Amino acid sequence: MKFKITDTYTYWWPVDVILPDPEKAGKTIKQSFEVQFESIDADESEKLIEEIAKLPLEEQ
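Residue numbers (the working numbering): 6 to 65.
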């Protein structure tokens with residue numbers, strides 16, 4: 006594996022999503038994939054947490 010210097014730190018993380026099955030009423034299907042995330046610093050993280058806390062509960 007080759008390493009390269011970058012300005013940002015990114016990483017891949019597995020994500021599972023459960024969706025209603027369009028073919029079978031009342032059933033669900035699970036889909037899995039990997040998403041590449043970009044790391045953020047603690048200050049930016051705190052700002053996001055504060056913004057989310059201001060949202061109505063159904064939007065959080």
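Beta carbons are placed, not taken as given, at the ideal position from N, Cα and C, and that holds for glycine.
Computed from a predicted structure; not experimentally measured.
_For the pair the region 43–50 and the region 7–23, tell me if three or more CB-CB distances fall below 8 Å._
Yes, since at least three Cβ pairs between the region 43–50 and the region 7–23 fall closer than 8 Å, the two stretches touch.
_Residues in the same chain with beta-carbon distance under 7 Å from Ile-34, minus the five sequence neighbours each way, listed in chain order, please._
For the purposes of this step, residue 34 is taken as the residue at position 29 of the sequence shown. Leu-24 and Asp-26, listed in sequence order.
*Quick one: residues in its chain with C-beta nearer than 8 Å to the C-beta of Gln-65, no 5 flanking neighbours on either side, listed in chain order?*
Along the sequence shown, one-based indexing puts residue 65 at 60. Counting only Cβ-Cβ distances below 8 Å, and skipping sequence neighbours, we find Ile-57 and Ala-58.
_Through-space distance from Val-40 to Ala-30, alpha-carbon basis_ = As a position in the sequence shown, residue 30 is number 25, starting the count at 1. As a position in the sequence shown, residue 40 is number 35, starting the count at 1. C-alpha separation (whole angstroms): 29 Å.
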